[in-house]
Structures are given as C-alpha cells and as structure tokens.
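Just so you know, the protein sequences line up as chains V and L, in that order.
End of the first sequence = 438 in this note's numbering, gap-free, step of one.
End of the second sequence = 178 in this note's numbering, gap-free, step of one.
Using N, Cα and C, we set each Cβ at its ideal position, and we do this for glycine too.
On a predicted model such as this, the values are computed, not experimentally measured, just so you know.
Written out below as structure tokens is the structure these notes cover.
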Amino acid sequence: MAQNMLSQKSKPSYGVIEMPDRITKRDYDTVVIGGGPAGLAAALEAREKGLETLVVETRDRLGGIPLQCIHPGFGIHYFKKDMTGPEFVYRFIDKLLSTDIDYTVKSYVNTAKYVSPMEKKLEIITPYGTEIVGTKTIIYAAGARERTRYEIGITGPNPAGIMTAGEAQTLMDMYGVMPGKRILIVGSGDVGLIMARRFVLEGAEVVGVAEILPYPSGLMRNVQQCLKDYGIPLLLSHMVISVKQCNGRVSSAVVVKVDENFKPIQGSEKEIECDTIVIAAGLKPRTKLLESLGAQIDPRTKGPVVNEYFETTIPGVFVAGNALIINDYVDYAVEQGELAALAATKYVDEKGIKIKKPVKIVLGRNMRLIVPQMLTLTSDVLFYGRVARPEDNVWLSFKEIGFKIPQLRVLPSIMIRQKIRLDKLRMLKTDTLTVEVIPRD
Amino acid sequence: MTKQVKKIICIVCPRGCEITVELEDGKIKSIKGYSCPLGKQYAEKEVVNPERILMSIVKCVGGDLPVVSVKTAKPIPLSRMIEASKALADIAVEAPVKIGDKIVENLLGLGIDVIATRPCHKQKEE
Ligand SMILES: Cc1cc2nc3c(=O)[nH]c(=O)nc-3n(C[C@H](O)[C@H](O)[C@H](O)COP(=O)(O)OP(=O)(O)OC[C@H]3O[C@@H](n4cnc5c(N)ncnc54)[C@H](O)[C@@H]3O)c2cc1C
Ligand code: SF4
C-alpha cells in the first residue's frame, strides 16, 4: 500500500490548495500526531535535530485550534508579540512548509502498535488510502476535546441550537455561519468569555454567561474585555439544568442558582429565552490512541502519566500540548512540543530514555494536578500544575528537597510553571517528591 | 477638587494585574499595582480613552474558506467597536489573501486600517 502511495504524486485536490501533503517514507524517526501548535513546534524542533519526521493531522489543514481563534492574545511569551491565533500559528505552518518535513492532512491514525522499543507501527487512514508507517518514536499532540452538555448534567431534549464553543467558533469564524441570534453561554472559562465577545461583535445578543462556581473561572482580563466591555451578564453560582424547545430549535434554558456545595436552591429556577446554547465547559485531553497503546492515564489531568521527558508509560511515546495537560496559553503547548522533540531525539540517539532513579511525584496541600507525575532523575524538570483553590501569600514547595518559591497569589485558572534543576533534585533521598502549596508565615 | 479612584484590570498580558489609578480633577495623581511598564501605559490610556483591537471576519470570494479573519492594525476606541464590526459585515474581498493584506483603509474615518490575519488561498478549479 505504501508503494502505491509513493507513486501517487498527482493527487486530487481536497480544497486546501497551497498545502500539498506527502508521506514519502515508510519509516520515520518520529511521527507527530496532531498538527496544532504543539505538534508543529515538535515537528520543527525534531527536524532541526535531524530526525526524519512525519506530521499527521485529521482536519483539512494544519494549525489546530488557533486557526479559529481570531482574537489577539497569542504569542506574547514566545514571539514577544501579541498576535491573533492564525497569525501565530501560520508562523509555524509557513516554516514547516519551507522544510522537508512530511505531513498529511485529512488523515488519521487508526491504530498504533508497540512492536519493540525502537519500532512502533501506525496504520494511517489518508484520503488516498491506508498507509502503514513504522517509527521509532511518537509525539502525540492531538489536543483536547470539549466536554459536552451531558458531561455537565444538562438534560432534556436535543433540539438544534446546542453546540460546544469550539463548534460555534469554527462555524462562525472559519465558515462565516452565525450559530444563533440569542445565545446563552454555559461556562465562564476563557473560551466562554472570548466567545461571548465574538458573538456580540458579530451582531448576536448574548443573554448571559452561566457559571456554576461563585467566581469566573477565566482570566480577569477576559472578564473585563469580553463581558464588562459589552455589558454581558455573568450569572455566577448558576447552572443550566434543562433545555426547552419549539419546532425543533432551542427556545429556552432553565437555570437554577446553586449553594456552596453546588446543590440547586429550591425555587430559584428561572427560564431564560434563547435560541442557542453554547457549552464552554472545559476541555479534556484526547487520549484514545494512547489508551489503546496501554499508556497509563492520570485521573487528575485526564491526560497520560509522563516523566520529565513527557514520555508516557510506553517507551518512545511522548506527549505535548493539550493532549498532555490543558494549557492556558499556546506558548506552553509550543514549549512542550519542543521539549518532547528534544526528548524524542535523545530517545533515538541513545536508544531509549534511561532511568537513574524512579521518583513518584505526590500531590500535597492545595495542589490539584501536576505534570510530570514521575521522574527519571536524569534531567532538569519543568513542572506544570494547578492549585485546587485560590490562596494568597504562599510558598510553592518541593518538600523532600527543601526547595520553596514564594507566590503572591495562586489561582486554579492560572497554571503554575516551575523549572527545577537537576542538581537540586539530586538531593532527593526518597523515591517520592511532594509538591505542595503552604502558607508563608 | 474632586478625587476619584479607578480600579482597572490590565488586559495587556494574561497576568491581569489590578491597577489602581487615583485621579484629581481628571488628572492622574498616582498609578499603582502594575508589574511592568506596559501596564502603566495601558492604565494611563484606559482611564481617559479606552481602546481595543477589533477582530472580525469578512467574506472572501473564491477562497478555500468562505471568510477571512481580520483585525484593526491598531486599537480603536472601545465605544466604536460594535459600529466598526457592523461596517465590516458588508465587506467582501477576493482570494487570494495573505496575512497582513490591507482589507479596509481608514475604517470609519478613524485613520486606522483593517488587515487580514489569516490567509485565504484561491480555490483551484477541478
Ligand atoms: C476559544 C479559545 C481561545 C483561546 N485563546 C487563547 C489565547 O488568547 N492565547 C493563548 O495563548 N492560547 C489560547 N487558547 C489556547 C490554545 O489554543 C491552545 O493552548 C493550543 O491550541 C493547544 O495546542 P495543541 O497543539 O496542544 O492542540 P490543538 O490546537 O487542539 O491541536 C491539536 C490538533 O490535533 C488534531 N488531531 C486531533 N486528533 C487527532 C488524531 N487522532 N490524529 C491526528 N490529528 C489529530 C486536531 O485536528 C488539531 O489540529 C485558546 C483556546 C480556545 C479554545
Ligand atoms: S501590568 Fe504588565 S504584567 Fe501586569 S497584566 Fe499588565 S502587562 Fe501584564
């Protein structure tokens, strides 16, 4: 089958012109699954380090989520410049197109098999047929999927007009189709806030943003520039419990106020008229393929368990971006992509990642989740984590090595990113390392 | 003498510092709470004339996508955002479009151009 494909250079065009794709080899050093920011950054870094690289992307074009995020707010850390999502990601796409990195769009990895430490077999379904490709390493960067209405307990009928934020965003900002006229948004994370502003600017009315927590879960800057700027109501401590319909279209949503234990308060139900309900209730790392490979999943991050090389429990299978942990900024996804590529290079060069001393990371006081979850103790470590609740004036402490960093404020909505150098980690006497947030006095 | 204290949230970067501006007779007396010079600049502007970058889409004829995303090359007054966005709803351009191409000159007479932020490739005939 692969042979057939090699000769098939004049492929039919599938809409996306100036992006001719190609799989030119049967064996790669690394196959990057997912062509979003994390995957593109990983591929560029891997190629730069000399790895034969293939990128596999399911959508009809490279770029991932930023393609449809047309607001500014991308790249402040990475390019030291405030860009929109497409401007940001096209820097990577354009660079990739100027290299000899292979890629294929509208393609999808159907099965992945671990054959041996230096060989994984991928069955890739492309518009031109099924390809079997061998690779020494995999960098999994398939991003995250959105939580649906059912995962947040919205019952009732399923008329037209209920969609996720990402679906609404794709419809409106990639295909120019307005999803509705009177819109209720569920969830006040950054995605919900940003979508509220976009709907208003495109002429829709946003009747409210319902949030179950007593505070907005997105960044304050987005509460300001997306809601307050346009006077959009934020319904805190409110949850949507059901949907009503009329002629097959949403006609209203029933919301209820909740107490501090998220229990509905009797008699507080009210009906909000709307024709569209947009669910912005958070993201969950995509892990299906990793699970099929047998990778261990962390119930906290909902992503895979990894070491400091972002290597999963399957040797040579690395993860980056939102497939690893839900990132606040694209810059972190890119950083993880680059680190995963360096790790894959090390893996290829040294025929595996050696473990000096296996260490387990333990979540201590006020830490909700963290990656990596384990260490090999052979390299510096970049930790990404989230706290469980807001707290002021605290230490971020790495207990067993006696290392503490002062923090003025920690918030669940702001990811903690902390580098710890290997010389510090070498002081570890135990086989666990506890990460905790403790009061400063 | 009228004293006024305005609390604003800096939107320049995700850190979202809360900045307190003290005004006396409409003049800035003090600015506190910012963590970098950009935040100070932002606060000075925000209390007198809040401005934002407008982002939107315009139709793109003959392209691989039916719309192309755009933004104002510079921030425009917040009070004109909706009006400006409405003005863009009637615009159509022809593919191909490159990032940075000028889509509208001098939007609403504000002296600010609208530029493309996503390429739109020409759809090839089959
Ligand atoms: C509404 C919204 C606003 C945002 N605003 C900002 C912002 O202002 N600033 C900022 O820094 N960040 C922002 N982000 C976050 C940013 O978009 C993400 O951090 C970033 O896109 C993560 O990159 P990624 O490569 O991990 O995942 P993605 O961008 O999701 O890319 C994953 C890619 O993998 C592909 N894929 C999925 N499954 C498979 C498979 N099985 N095989 C092959 N390919 C697959 C997908 O099609 C996709 O192209 C925003 C996100 C959203 C949703
Ligand atoms: S003051 Fe500086 S650090 Fe604080 S939010 Fe503004 S730009 Fe960011």
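query: Curious, which full-length beta strand (DSSP E) runs of at least 3 residues does the stretch 229 to 256 of chain V contain?; result: 235 to 243, 246 to 254
query: Got a sec: does ligand 1 put a non-hydrogen atom nearer than 7 Å to the Cβ of Met160 (chain V)?; result: no
query: Sorted by chain position, which residues of the same chain lie with C-beta nearer than 6 Å to Lys81 (chain L)'s C-beta, five sequence neighbours on each side aside?; result: Glu74
query: Would you list, in chain order, the members of the stretch 141 to 171 of chain L that have their beta-carbon closer than 8 Å to a beta-carbon of chain V?; result: Ala141, Ile151, Thr169, Arg170, Pro171
query: Determine the extent of the alpha helix (DSSP H) in which Lys92 (chain V) is found, giving its start and end residues.; result: 82 to 94
query: Report buried or exposed for Lys225 (chain V), applying the criterion of at least 16 other Cβ atoms within 10 angstroms of its Cβ.; result: exposed
query: Which of the three DSSP states is assigned to Tyr111 (chain V) in this structure?; result: strand
query: Kindly list, in the order they appear in chain V, the residues whose Cβ is closer than 8 Å to that of Val119 (chain L).; result: Asp170, Met171, Tyr172, Gly173
query: Tell me whether Phe395 (chain V) sits in a helix, a strand or coil according to DSSP, three-state version.; result: strand
query: Measuring alpha carbon to alpha carbon, tell me which of V:Pro34, V:Val316, V:Val407, V:Arg414 ends up nearest Lys299 (chain V).; result: V:Val316
query: With distances taken Cα to Cα, identify the nearest neighbour of Gln175 (chain L) among L:Gly114, L:Met107, L:Pro127, L:Arg132.; result: L:Gly114
query: By the three-class DSSP mapping on this structure, what secondary structure does Ala136 (chain L) have?; result: helix
query: In this structure, does DSSP put Glu208 (chain V) in helix, strand or coil?; result: coil
query: With DSSP run on the structure shown, which of helix, strand or coil describes Gly184 (chain V)?; result: coil
query: If I follow the unbroken beta strand (DSSP E) through Asp328 (chain V), where does it start and stop?; result: No beta strand (DSSP E) holds Asp328 (chain V); the alpha helix (DSSP H) holding it covers 327 to 347.
query: Can you pull the DSSP bridge partners for Arg19 (chain V)?; result: V:Tyr100
query: Thinking Val53 (chain V) and Ala40 (chain V) are a contact (beta carbons under 8 Å), I'd like their distance in whole angstroms, please.; result: At roughly 10 Å, the Cβ-Cβ gap does not stay under 8 Å, so Val53 (chain V) and Ala40 (chain V) are not in contact.
query: Can you give me, in chain order, the residues of the stretch 209 to 230 of chain V that have a beta carbon less than 9 Å from any beta carbon in chain L?; result: Leu216, Met217, Arg218, Asn219, Val220, Gln221, Gln222, Lys225, Asp226, Tyr227
query: Could you give the distance in angstroms between the alpha-carbon of Met371 (chain V) and the alpha-carbon of Lys354 (chain V)?; result: 10 Å
query: Do Gly47 (chain V) and Cys66 (chain V) have their CB atoms nearer than 8 Å?; result: no
query: Would you mind sorting Ala95 (chain L) into buried or exposed? The rule is 16 or more other CB atoms within 10 Å of its CB.; result: buried
query: Take Lys416 (chain V) as the anchor and find which of V:Gln222, V:Gln293, V:Gln333 has the nearest alpha-carbon.; result: V:Gln333
query: Name the DSSP bridge partner or partners of Val52 (chain V)?; result: V:Val29, V:Tyr100
query: On the DSSP bridge assignment, give the partners of Ala157 (chain V) in chain order.; result: V:Arg246
query: Spell out whether any CB of chain V is found under 8 Å from the CB atom of Thr111 (chain L).; result: According to the sequence as given, residue 111 (chain L) is Lys; it is not Thr. Yes, Lys111 (chain L) lies at the interface with chain V (some Cβ there is under 8 Å from its Cβ).
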